[in-house]
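Per our numbering, residue 5 is the first one in the sequence shown, and the count goes up by one each step. So the structure is just underneath, and the comments pick up after that.
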Amino acid sequence: MAGRLNANGQVSGIESLPARARALLDGTVILQPQKKMSGALQAMGFRQVLAKYPNDAWDYGLGCSYDEDDVVALRDYLAEMFVKLPNETVIAKLACYFDALVYGGGYQGDLGSMHARLGVQPPSP
Numbered sequence: 005m006a007g008r009l010n011a012n013g014q015v016s017g018i019e020s021l022p023a024r025a026r027a028l029l030d031g032t033v034i035l036q037p038q039k040k041m042s043g044a045l046q047a048m049g050f051r052q053v054l055a056k057y058p059n060d061a062w063d064y065g066l067g068c069s070y071d072e073d074d075v076v077a078l079r080d081y082l083a084e085m086f087v088k089l090p091n092e093t094v095i096a097k098l099a100c101y102f103d104a105l106v107y108g109g110g111y112q113g114d115l116g117s118m119h120a121r122l123g124v125q126p127p128s129p
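Encoded structure:
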């Protein structure tokens with residue numbers, strides 16, 4: 005905030021600040037990924053992560069393992085989070101990871117079965 009404080013110590017020129025900085029001044033909580041994934045967390049499926057760490061699933065979701073049920077749970081989690089936190093980068097990153105699992109070849113299980121459960125068409129060759 006250097007150069008933005010007036011003589012009373014109040015922040016001036018708030019309207020010219022980036023949106024995230026304005027949000028912080030309003031008291032908005034901005035999620036910051038910072039946790040290291042241990043081997044135990046990497047071995048957990050997303051449903052396990054969600055059950056054990058519901059407030060950190062957005063962070064741990066990038067490093068855990070996924071079976072078909074976990075991919076479905078991730079879809080449902082993202083649908084909920086996009087309503088709660090539509091402009092969060094960390095949620096968008098998790099959504100990109102979901103796309104990689106579903107369409108980009110990152111999933112190691114039966115793609116046809118997963119696509120059917122999700123109700124999506126497989127990508128064109």
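Backbone N, C-alpha and C fix where the C-beta goes; we use that ideal spot for every residue, glycine too.
Close-in-space but distant-in-sequence residues of the same chain around residue 74 (CB under 7 Å, 5 per side omitted): Within the same chain, residue 74 has close Cβ partners 49, 50, 51.
Quick one: Cα of residue 68 to Cα of residue 45, how far? 6 Å
Pick helix, strand or coil for residue 108, following the three-state DSSP scheme. coil
Beta-ladder partner(s) of residue 69, from DSSP: 49
Helix, strand or coil, according to DSSP, for residue 92 in the structure here? coil
Pairwise C-alpha distance: residue 80 and residue 92: 17 Å
Residues of its chain near residue 36, where Cβ-Cβ distance is below 6 Å and the 5 sequence neighbours each way are ignored: Unreliable positioning characterises residue 36 in this predicted model, as indicated by a pLDDT of 48, which lies under 50. A coordinate reading is not provided.
Going by other Cβ atoms of all chains shown within 10 Å of its Cβ, with 16 needed for buried, is residue 54 buried or exposed? buried
Any idea if residue 87 is buried or exposed, counting beta-carbon neighbours within 10 angstroms, 16 or more meaning buried? exposed
In three-state terms, what does DSSP make of residue 16? coil
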